[in-house]
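Everything on this sheet refers to the single structure shown next.
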Amino acid sequence: MMKALLVYNGGLGKNYILYDVVRDLIERARELSIDLIPKSNEELLVLESSQGEEVLNLDFDPAFVLFLDKDLDLARALENKGYPLFNSSQAIGLCDDKKKTYQVLRGLPMPKTIFSPLLYHAKENRDYCKEVWSRLQAPLILKAAQGSFGEQVKQVKSLEDLVRETRAMSPTSYLVQECIQESLGRDIRVVLVGDQILGAMERTNQKDFRSNIYLGGQGKEIQLTADQEALALEAHRRLGLNFSGVDLLISSQGPLVCEVNSNLSYLGFQKATSIPVGKFILEEILSQL
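The C-terminal position of the sequence shown is numbered 308 in this note's numbering, with every residue numbered one higher than the one before it.
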């Protein structure tokens with residue numbers, strides 16, 4: 020039986036709801052005669068020395084690595100050892116930092132977005148906030164450049180709120196976006212594997228402007244328009260992903276890219292659509308070996 024490695028985030032742990040994705044993938048892998056061995060990024064330590072680079076506590080040679088984390092140092096070290104990594108460290112890095120995501124996707128339909136300046140310590144940046152406030156129509160959306168599950172995303176309704184919230188977030192990198200009113204509490208999650216769209220669901224949340232399933236959103240399978248399909252496919256392609264979840268906003272001007280997820284938490288989608296996402300991911304990986 021083929022042995023492969025699945026890397027997950029040790030900080031979240033096995034009791035966290037997202038570990039159910041790990042369990043699902045292990046079960047799907049077994050059906051394909053793959054022994055998918057889970058290890059956390061806290062177990063697999065990277066050692067650099069004059070003798071070279073070593074990944075500690077990896078006691079077998081995996082046929083491939085399914086990397087469900089954002090630990091780029093570990094991802095690169097595994098690639099340096101010659102192990103095929105899915106998604107690649109480059110693709111994971113581009114998706115993990117929303118600033119990098121938007122730069123790669125420049126020119127595609129997206130909300131107007133202004134990046135934070137580089138700061139070395141927390142400070143009130145009123146001049147920056149005034150400039151942003153004058154160029155983007157209120158209310159605004161403030162996001163940490165690196166974040167997951169809809170956390171560290173805030174709706175800002177006044178200039179003073181923007182000043183206060185950006186100071187609280189600094190010196191962490193962040194971005195400020197125009198608020199797409201039609202998409203408050205709703206968006207579209209498109210799941211892609213290889214160069215194909217597996218399906219899509221509309222996520223809605225009656226209690227929060229963020230539609231994430233993790234935050235109480237509900238998913239319903241939908242059929243995409245041609246424009247939505249084309250936008251999701253192009254975002255997935257530009258970022259060099261083997262599998263992804265592309266989040267689209269709904270606007271009067273057409274679909275807009277919100278973000279792209281390389282670490283796909285797919286159980287909500289799978290429940291809404293009955294599509295065995297893990298099986299398709301593993302079959303795509305096998306086709307690339």
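Backbone N, C-alpha and C fix where the C-beta goes; we use that ideal spot for every residue, glycine too. These figures come from a predicted structure and were not determined experimentally.
Is the beta carbon of residue 220 sitting closer than 9 Å to the one on residue 199? With a cutoff of 9 Å on beta-carbon distance, residue 220 and residue 199 are scored as not near each other.
What does the alpha-carbon distance come out to for the pair residue 110 and residue 257? Taking the Cα positions, residue 110 is about 9 Å away from residue 257.
Among 54, 44 and 30, which one has its Cα closest to the Cα of residue 62? Ranking the options by Cα distance to residue 62, first place goes to 30.
Under 8 Å by Cβ, that's how I've got residue 55 and residue 87 pegged, so tell me the actual separation to the nearest angstrom. Not quite, the Cβ-Cβ distance comes to about 11 Å (not below 8 Å), so this is no contact.
Classify residue 79: buried if its beta carbon has 16 or more other beta carbons within 10 angstroms, exposed otherwise. With fewer than 16 Cβ atoms within 10 Å of its Cβ, residue 79 is classed as exposed.
With distances taken between CB atoms, is the gap from residue 131 to residue 161 smaller than 9 Å? With respect to residue 161, residue 131 sits apart: the two C-beta atoms are not nearer than 9 Å.
What residue ranges within the region 139–213 form continuous beta strand (DSSP E) runs of no fewer than 3 residues, ordered along the chain? Secondary structure within the region 139–213: the beta strand (DSSP E) runs of 3 or more consecutive residues, fully enclosed, are 159–163, 172–175, 193–197 and 205–212 (chain order).
Is DSSP giving residue 2 helix, strand or coil here? The chain is shown only over 20 to 308; residue 2 falls outside these bounds and no answer can be derived.
Does the beta-carbon distance from residue 300 to residue 283 come in below 9 Å? Taking 9 Å as the cut-off, the beta carbon of residue 300 is found closer than this to the beta carbon of residue 283.
Indicate the three-state DSSP secondary structure (helix, strand or coil) for residue 82 in the structure shown. Residue 82 carries a coil assignment under DSSP once its states are collapsed to helix, strand and coil.
For residue 143 versus residue 186, is the C-beta spacing smaller than 9 Å? Yes. Within cutoff.
Measure the alpha-carbon distance for residue 298 versus residue 44 and round it to whole angstroms. Distance between the alpha carbons of residue 298 and residue 44: 8 Å.
Output the distance between the C-alpha atoms of residue 35 and residue 290, rounded to the nearest integer angstrom. The alpha-carbon atoms of residue 35 and residue 290 are separated by roughly 18 Å.
Let me confirm a value: residue 115 is counted as buried when at least 16 other C-beta atoms fall within 10 Å, else exposed. Which label applies? Result: buried.
In this structure, how does DSSP classify residue 66 when only helix, strand and coil are distinguished? DSSP places residue 66 in strand when its eight states are reduced to three.
Quick one: Cα of residue 217 to Cα of residue 152, how far? Within the model, the alpha-carbon separation for residue 217 versus residue 152 is close to 39 Å.
Residue 42 by DSSP, collapsed to three states: which one? Looking at residue 42 - three-state DSSP - the assignment turns out to be helix.
Coarse secondary structure for residue 269, derived from DSSP in three states: Residue 269: coil per DSSP, three-state reduction.
Environment of residue 247 [buried if 16+ CB atoms lie within 10 Å]: With 16 or more Cβ atoms within 10 Å of its Cβ, residue 247 is classed as buried.
Measure the alpha-carbon distance for residue 112 versus residue 264 and round it to whole angstroms. If you take the alpha carbons of residue 112 and residue 264, they lie about 15 Å apart.
Expressed to the nearest angstrom, what Euclidean distance is found between the alpha-carbon atoms of residue 205 and residue 211? For residue 205 and residue 211, the distance between alpha carbons rounds to 20 Å.
Tell me whether the region 188–197 and the region 163–179 touch, counting them as touching only if at least three CB pairs, one residue from each stretch, are closer than 8 Å. These segments touch.
Residue of 308, 127 and 120 minimising C-alpha distance to residue 134: The shortest C-alpha to C-alpha distance from residue 134 to any of 308, 127 and 120 is the one to 120.
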